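For the sequence shown, numbering that gives the first Met the number 0 assigns the number 0 to the initial residue and increments by one for each residue that follows.
Take a look at the structure below.
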Amino acid sequence: MDAKTLIAAYYDAFNAGRTDEMLGYLHDDVEHHVNQGPIRRGKAAFAEFNAHMTRSYREKLTDMVIMASEAGDRAAAEFVVNGSYLATDDGLPEAQGQTYVLPAGAFFAIRDGKIARVTTYYNLADWTRQVGA
């Protein structure tokens, strides 16, 4: 599977709520670099993060554009996050079902046909403003 197809499949699984399927696209030694917080290493840490996110947020990504290097070892995606804030997350405003629309992007390293690094960026101040903090 080429890099663009791999990233598309990863996000298709995300949009369908199939977080277990997302794990299948990840390298065993995946590094997850989030916008705010520490780097998570390994599939178990990624699965834990996904479980937390599923409890606190319901999100669908739209306007997806995926780009890949010619070598196929790096890729990027730009998209819009359309979400609902379901349960209060530590250190963030109280959740009351607020909705938000947030531009975001992600960068990927690909090794052995799997995603070895996911780095996600979005504007936390914009999100905070949208949920009414």
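No residue lacks a Cβ here, since even glycine has one placed at the ideal position from N, Cα and C.
No experiment lies behind these values; they were computed from the predicted model shown.
Runs of the alpha helix (DSSP H) spanning 4 or more residues and lying entirely within the segment 25–94 occur at 42–55, in chain order. In the three-state scheme derived from DSSP, where H, G and I count as helix and E and B as strand, Gly112 is classed as coil. The beta carbon of Met66 sits closer than 6 Å to the beta carbons of Ala75 from its chain, once the five residues preceding and following it are set aside; these are given in chain order.
The DSSP-derived three-state label of Ala15 is coil. By the neighbour-count definition (other C-beta atoms within 10 Å, threshold 16), Arg116 is a buried residue.
Beta-carbon to beta-carbon, Gly104 and Glu77 are separated by about 5 Å, close enough to satisfy the 8 Å threshold. For the pair Asn49 and Val33, the Cα-to-Cα distance works out to about 12 Å. Close CB contacts of Thr98 within its chain, under the 6 Å cut and outside five residues either way in sequence, are with Ser83 (chain order). For the 8 Å CB-CB criterion, Met21 and Ala12 form a contact. Between the alpha carbons of Arg57 and Pro102 lies a gap of roughly 16 Å.
Straight through space, the alpha carbons of Lys59 and Ala124 are spaced by roughly 20 Å. The shortest C-alpha to C-alpha distance from His51 to any of Asp89, Met63, Gly71 and Val79 is the one to Asp89. Under the DSSP assignment, Gln97 falls outside any alpha helix (DSSP H); it carries neither an H nor an E label.
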